Ligand SMILES: NC(=O)c1ccc[n+]([C@@H]2O[C@H](COP(=O)([O-])OP(=O)(O)OC[C@H]3O[C@@H](n4cnc5c(N)ncnc54)[C@H](O)[C@@H]3O)[C@@H](O)[C@H]2O)c1
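In the working numbering, the protein residues as written are 286 to 647.
Set out below in structure tokens:
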């Protein structure tokens, strides 16, 4: 079988930490042909990582527009700053490439809808990196949800209790800006919010949210967010997210409470089952899993595999554009609710992080 030919656009921190590993581990399915970054040194360093792992050395580029015009590339991975995802993903789809885009796929509802529609029109695959859906404990919980083991699900809670210091924002000044990112809800917590909405399931009716910036005066956006989410199926979701925990990351915990089941997955980043209770079951083998080296976990490896298979088998990826939109729409609704100081009803016709500019300075 011919390998799928990939181009990596954006060779920064997550590309080096997780995408390189996923490319190496999926070498039988794909080849990274080009490493592209505005900063040539970053593209070179990414290319060197793959070469050192014994892979064919990717070419280096600093011009993503040229990369997109190459006929020999099947798939484009977009791992630039969040605020550039829409523009580059759109251009890649227009150039006829399948796209795997880092989260969040875009920063407005309108842009997300456009990307989903464009991929559909062009019959191309669009996938989003919500890799925590592949965490083994999360997959175990998902199986119970799909089997209906909880009976009626009453409510669920996501708690992201982390710390991001000044150095983290100094390293990449786009973080924490409304134009390029958003705060702790959009950046660090979309994964957990995605898991919560995925487990509770179905359409959202209404969201009420509050955001604060307690202790990060160097960023425009929030370092604390909380929300109550009412689903049409009657379930309630509770969101607590912060990057202010003293003195370091504490935990990311997802709790699901149903009529006949209780599951709590905690650890540093939803990687360890803490509570597992169903009729006749009160423990699970994944109760003693170690924390991952970083909060990103290892989910990019199965995510890449699934995305390649989706192309080869012509089926939707496990985390498609439609799936990738849901958590981002929910975060945007929390922002809108905070801005308007009232509950927001779904679906959002449109809302963008740009509408939050000046929120904490007024
Ligand atoms: N899935 C996850 O767990 C996870 C974790 C961290 C970051 N992310 C996401 O990944 C994205 C990148 O985050 P990061 O921490 O790696 O940021 P980063 O700043 O380290 O890297 C972004 C890179 O993109 C490059 N770039 C910008 N515009 C470009 C262009 N037009 N062409 C080529 N390269 C370009 C920059 O030069 C930079 O090197 C963000 O959207 C972030 O939300 C996801």
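Glycine included, each C-beta is placed from N, C-alpha and C at the ideal position. Treat the numbers as computed from the prediction; the structure is a model and nothing was measured.
Delimiting residues of the beta strand (DSSP E) encompassing residue i
{"i": "residue 561", "result": "557-562"}
{"i": "residue 383", "result": "383-387"}
{"i": "residue 289", "result": "289-294"}
{"i": "residue 346", "result": "344-346"}
{"i": "residue 360", "result": "360-363"}
{"i": "residue 553", "result": "Taken as a continuous stretch (DSSP letters only), residue 553 belongs to no beta strand (DSSP E), as it is neither H nor E."}
{"i": "residue 521", "result": "521-527"}
{"i": "residue 640", "result": "Where residue 640 is concerned, there is no enclosing beta strand (DSSP E), given that its DSSP letter is neither H nor E."}
{"i": "residue 444", "result": "438-446"}
{"i": "residue 493", "result": "489-497"}
Residue i and residue j closer than 8 Å at C-beta
{"i": "residue 454", "j": "residue 496", "result": "no"}
{"i": "residue 571", "j": "residue 431", "result": "no"}
{"i": "residue 506", "j": "residue 492", "result": "no"}
{"i": "residue 555", "j": "residue 477", "result": "yes"}
{"i": "residue 307", "j": "residue 586", "result": "yes"}
{"i": "residue 334", "j": "residue 301", "result": "yes"}
{"i": "residue 418", "j": "residue 459", "result": "no"}
{"i": "residue 639", "j": "residue 394", "result": "no"}
{"i": "residue 552", "j": "residue 536", "result": "yes"}
{"i": "residue 516", "j": "residue 487", "result": "yes"}
{"i": "residue 526", "j": "residue 613", "result": "no"}
{"i": "residue 475", "j": "residue 602", "result": "no"}
{"i": "residue 489", "j": "residue 514", "result": "yes"}
{"i": "residue 479", "j": "residue 594", "result": "no"}
Where the alpha helix (DSSP H) through residue i begins and ends
{"i": "residue 600", "result": "Segment: none, residue 600 is in no alpha helix (DSSP H) and carries neither H nor E."}
{"i": "residue 509", "result": "It is not in any alpha helix (DSSP H) - residue 509 instead sits in the beta strand (DSSP E) that spans 509-516."}
{"i": "residue 485", "result": "475-485"}
{"i": "residue 351", "result": "349-353"}
{"i": "residue 331", "result": "325-337"}
{"i": "residue 400", "result": "394-407"}
{"i": "residue 373", "result": "370-379"}
{"i": "residue 305", "result": "305-310"}
{"i": "residue 430", "result": "421-431"}
{"i": "residue 504", "result": "That residue, residue 504, is in no alpha helix (DSSP H); it is neither H nor E in DSSP."}
Length of the line joining the Cα atoms of residue i and residue j
{"i": "residue 369", "j": "residue 379", "result": "16 Å"}
{"i": "residue 624", "j": "residue 641", "result": "7 Å"}
{"i": "residue 420", "j": "residue 298", "result": "21 Å"}
{"i": "residue 622", "j": "residue 449", "result": "25 Å"}
{"i": "residue 295", "j": "residue 386", "result": "11 Å"}
{"i": "residue 615", "j": "residue 445", "result": "16 Å"}
{"i": "residue 467", "j": "residue 582", "result": "22 Å"}
{"i": "residue 309", "j": "residue 320", "result": "14 Å"}
{"i": "residue 544", "j": "residue 567", "result": "15 Å"}
{"i": "residue 392", "j": "residue 607", "result": "14 Å"}
{"i": "residue 414", "j": "residue 584", "result": "9 Å"}
{"i": "residue 339", "j": "residue 605", "result": "31 Å"}
{"i": "residue 396", "j": "residue 481", "result": "23 Å"}
{"i": "residue 303", "j": "residue 533", "result": "22 Å"}
{"i": "residue 381", "j": "residue 434", "result": "42 Å"}
{"i": "residue 557", "j": "residue 547", "result": "14 Å"}
{"i": "residue 422", "j": "residue 403", "result": "34 Å"}
{"i": "residue 596", "j": "residue 410", "result": "7 Å"}
{"i": "residue 518", "j": "residue 627", "result": "22 Å"}
{"i": "residue 619", "j": "residue 312", "result": "40 Å"}
{"i": "residue 327", "j": "residue 366", "result": "14 Å"}
{"i": "residue 406", "j": "residue 375", "result": "12 Å"}
{"i": "residue 440", "j": "residue 400", "result": "32 Å"}
{"i": "residue 346", "j": "residue 465", "result": "23 Å"}
{"i": "residue 630", "j": "residue 580", "result": "32 Å"}
{"i": "residue 383", "j": "residue 563", "result": "41 Å"}
{"i": "residue 590", "j": "residue 438", "result": "31 Å"}
{"i": "residue 588", "j": "residue 643", "result": "37 Å"}
Buried versus exposed call for residue i [16 or more other C-beta atoms within 10 Å across all chains shown]
{"i": "residue 377", "result": "buried"}
{"i": "residue 359", "result": "buried"}
{"i": "residue 499", "result": "exposed"}
{"i": "residue 539", "result": "buried"}
{"i": "residue 520", "result": "buried"}
{"i": "residue 634", "result": "exposed"}
{"i": "residue 324", "result": "exposed"}
{"i": "residue 531", "result": "exposed"}
{"i": "residue 354", "result": "exposed"}
{"i": "residue 350", "result": "exposed"}
{"i": "residue 416", "result": "buried"}
{"i": "residue 408", "result": "exposed"}
{"i": "residue 471", "result": "buried"}
{"i": "residue 287", "result": "exposed"}
{"i": "residue 348", "result": "exposed"}
{"i": "residue 456", "result": "exposed"}
Short CB-CB distance (under 8 Å) between residue i and chain B
{"i": "residue 333", "result": "The structure shown contains no chain B; it is built from a single protein chain."}
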